[in-house]
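S.K.: If you're matching them up, the sequences are chains A and B in order. Start counting the first sequence at 1; every next residue gets the next number (the numbering used here). Start counting the second sequence at 1001; every next residue gets the next number (the numbering used here). Here a beta-carbon is modelled for each residue, glycine too, at the ideal position from N, C-alpha and C. It should be emphasised that the depicted structure is a prediction, and the values quoted were computed from it without experimental measurement. Quick one: this structure, given as structure tokens, is what I'll be asking you about.
Protein chains: 2
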Amino acid sequence: MPDPDLAFATHDHAHCAQDALARAEALTAATGARMTPVRRRVLEILLEEHKALGAYDVLARLATEGFGNQPPVAYRALEFLVDQGLAHRIQRLNAFTACVHPGEDHAPAFLICRTCHMVAEAEATAARQSLDTEAARAGFKVERSTIEALGLCPNCQDAAA
Amino acid sequence: MPDPDLAFATHDHAHCAQDALARAEALTAATGARMTPVRRRVLEILLEEHKALGAYDVLARLATEGFGNQPPVAYRALEFLVDQGLAHRIQRLNAFTACVHPGEDHAPAFLICRTCHMVAEAEATAARQSLDTEAARAGFKVERSTIEALGLCPNCQDAAA
DNA sequence: CTATGTATGTAATATCATAACACGTCAAGA
DNA sequence: TCTTGACGTGTTATGATATTACATACATAG
Chain A
1 MPDPDLAFAT HDHAHCAQDA LARAEALTAA TGARMTPVRR RVLEILLEEH KALGAYDVLA
61 RLATEGFGNQ PPVAYRALEF LVDQGLAHRI QRLNAFTACV HPGEDHAPAF LICRTCHMVA
121 EAEATAARQS LDTEAARAGF KVERSTIEAL GLCPNCQDAA A
Chain B
1001 MPDPDLAFAT HDHAHCAQDA LARAEALTAA TGARMTPVRR RVLEILLEEH KALGAYDVLA
1061 RLATEGFGNQ PPVAYRALEF LVDQGLAHRI QRLNAFTACV HPGEDHAPAF LICRTCHMVA
1121 EAEATAARQS LDTEAARAGF KVERSTIEAL GLCPNCQDAA A
């Protein structure tokens, strides 16, 4: 993730989403993971916007499209995507967002706009490093860490001004 | 938080808890916030161990002690404590833990042991700083950030070995 | 004393998540 | 070819977490 995240900038989102989907297809093909219709559709739904969707939001969409309409249908597909690194869970929101950089093995921080609810990924290596170091002082061994920021995205800062 | 957190070390917990409670009393007295029986009791319950308790766990305890037995009773007291900086919410666990250093204005990181479920606070200034910097590159203004680590505490590492 | 704000109690409901089991598909090996 | 086993999907039921709305009590300032 060499450049600042583009989620907040106006961009060719159709291309952005298509690109992420294509990478996802390539990745799953490579690893043998099965990208089934439900799973692909869930990823597409998540990719429509740079927002986090609750499992039940996704489920509602699926149900209208002829897929199952019970919670496990959504939760299983979401779990698959998260396991494959194609989506992320946002703890703060109990919701899920498509990964914008699938394949680039990463554990990003999330920037959550409290006004427009957009979610962007940010580089978290340095922050994680600090955390690991501090944890080590207490003898704690970090396995996974969650880093999420709540605040205002550039657009909403401008709107407020 | 100059020293590594003591939560994982064996310590005089009665004193630890009493001290935190005393600080809490002093703080609320100073600010005019009302430390009522339910609120005090909830804080005491959280202080019994260095773990995170779900709202319903707290509620069950309250109910057996003659307080109300509906969810808002617990959620309101917990919200008060969090607002006053006397407790923290652990997003990852949907649970709450008493603050060990009330008054020392802080926004710690949390170290959550996946085996014994103890929760410790760790200094997070550096990690937060990294996050703010990275967020700024995307034009994002961080207001609050959540930093939580899941892993193994020293005791459980030893036990595993 | 009484008006006001705050805290508490309670009912009802909303939201988020998982367990358990049935059925279908498909590919590997007998 | 048949069978078996793994996996994915569908469905029922339930569990876990959280909030809204309204009623009641209680402290304190005026």
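7 Å is my cut-off, CB to CB: does F1080 of chain B come that close to chain A?
M.R.: False, the Cβ-Cβ gap to chain A never drops below 7 Å.
S.K.: Quick one: Cα of P1154 of chain B to Cα of D132 of chain A, how far?
M.R.: Cα-Cα distance, rounded: 14 Å.
S.K.: Hey, L47 of chain A and A14 of chain A: beta-carbon distance below 7 Å or not?
M.R.: Not a contact, by the Cβ cut-off of 7 Å.
S.K.: State yes or no: is the beta carbon of T1146 of chain B nearer than 7 Å to at least one beta carbon in chain A?
M.R.: Answer yes: the Cβ-Cβ gap between T1146 of chain B and chain A drops below 7 Å somewhere.
S.K.: Would Q157 of chain A pass as an interface residue toward chain B - the criterion being a Cβ-Cβ separation below 7 Å?
M.R.: Answer yes: the Cβ-Cβ gap between Q157 of chain A and chain B drops below 7 Å somewhere.
S.K.: By how many angstroms is the C-alpha of R1089 of chain B removed from the C-alpha of Y75 of chain A?
M.R.: In a straight line, the C-alpha of Y75 of chain A is about 24 Å away from that of R1089 of chain B.
S.K.: Residues bridged to A1087 of chain B by DSSP?
M.R.: Answer is B:A1098.
S.K.: Does the distance from the C-beta atom of S130 of chain A to that of A1126 of chain B stay below 7 Å?
M.R.: Yes; because the gap between Cβ atoms is below 7 Å, this pair is in contact.
S.K.: Which residues in chain B sit within 9 Å of C153 of chain A, going by Cβ to Cβ distance?
M.R.: Neighbours of C153 of chain A on chain B, chain order: A1138, G1139, F1140 and K1141.
S.K.: Whole angstroms is fine: what's the gap from V119 of chain A's alpha carbon to H11 of chain A's?
M.R.: Those two C-alpha atoms are separated by around 15 Å.
S.K.: Counting only beta-carbon separations shorter than 7 Å, does A1026 of chain B have a partner in chain A?
M.R.: Chain A, which has no Cβ nearer than 7 Å to the Cβ of A1026 of chain B, makes this no.
S.K.: If you scan the segment 8 to 89 of chain A from start to end, which runs of the alpha helix (DSSP H) of 4 or more residues do you find wholly inside it?
M.R.: 13 to 31, 37 to 47, 55 to 64 and 71 to 83, all fully within the segment 8 to 89 of chain A.
S.K.: Is there a C-beta anywhere in chain A that falls below 7 Å from the one on D1019 of chain B?
M.R.: It does not; no Cβ of chain A falls within 7 Å.
S.K.: Less than 7 Å between CB atoms is the rule here; does R89 of chain A satisfy it with respect to chain B?
M.R.: Judged by the 7 Å Cβ criterion, R89 of chain A is not in contact with chain B.
S.K.: Any beta carbon of chain A sitting closer than 7 Å to that of E1104 of chain B?
M.R.: It does not: the Cβ of E1104 of chain B has no partner Cβ on chain A nearer than 7 Å.
S.K.: Using a Cβ-Cβ cut-off of 6 Å (strictly less than) and excluding sequence neighbours within five positions of R39 of chain A, which residues of its own chain qualify?
M.R.: Counting only Cβ-Cβ distances below 6 Å, and skipping sequence neighbours, we find A77 and F80.
S.K.: When DSSP builds the beta bridges, which residues end up paired with A138 of chain A?
M.R.: Answer by DSSP bridge pairing: none, since A138 of chain A is not bridged.
S.K.: Run through chain B and tell me which residues come within less than 8 Å of E134 of chain A, C-beta to C-beta.
M.R.: What E134 of chain A touches in chain B: A1109, A1122, E1123, A1124, A1126 and A1127.
S.K.: According to DSSP, simplified to helix, strand and coil, what is R144 of chain A?
M.R.: It is a strand residue.
S.K.: Counting pairs of beta carbons, one from the segment 1060 to 1068 of chain B and one from the segment 1017 to 1026 of chain B, are three or more of them closer than 8 Å?
M.R.: Cβ pair count under 8 Å is below three, so no.
S.K.: Nearest CA to the CA of A1087 of chain B: which residue from B:G1032, B:H1050, B:F1140 and B:R1137?
M.R.: Closest by alpha carbon: B:H1050.
S.K.: From P1002 of chain B to E1123 of chain B, what distance separates their C-alpha atoms?
M.R.: In this prediction, P1002 of chain B scores a pLDDT of 47, lower than 50, which makes its location untrustworthy; no coordinate-derived value is stated.
S.K.: Whole-angstrom Cβ separation of A55 of chain A and P71 of chain A, contact assumed at under 8 Å?
M.R.: Yes, they are in contact, since the Cβ atoms of A55 of chain A and P71 of chain A sit about 7 Å apart, within 8 Å.
S.K.: Using beta carbons (cut-off 7 Å, strictly below), is L1053 of chain B in contact with chain A?
M.R.: So, not an interface residue.
S.K.: Can you list, in chain order, the residues of its chain whose CB lies under 6 Å from that of R128 of chain A, leaving out five sequence neighbours each side?
M.R.: Around R128 of chain A: S145.
S.K.: Quick one: is A1052 of chain B buried, meaning 16 or more other Cβ sit within 10 Å of its Cβ, or exposed?
M.R.: Buried is the call here.
S.K.: State yes or no: is the beta carbon of A161 of chain A nearer than 7 Å to at least one beta carbon in chain B?
M.R.: Chain B, which has no Cβ nearer than 7 Å to the Cβ of A161 of chain A, makes this no.
S.K.: So F8 of chain A contacts chain B; which residues on that side make the cut at Cβ distance below 9 Å?
M.R.: Correct list: A1138, G1139 and F1140.
S.K.: What residue range does the alpha helix (DSSP H) around C1113 of chain B cover?
M.R.: Here C1113 of chain B belongs to no alpha helix (DSSP H); instead the beta strand (DSSP E) covers A1109 to C1113.
S.K.: Give the residues of chain A in contact with L1150 of chain B, contact being defined as C-beta atoms less than 9 Å apart.
M.R.: Residues of chain A passing the Cβ test: V142, E143, R144, S145 and T146.
S.K.: Use the C-beta contact count for E1121 of chain B: other C-beta atoms within 10 angstroms, 16 or more gives buried, fewer gives exposed.
M.R.: Answer is buried; the Cβ neighbour count reaches 16.
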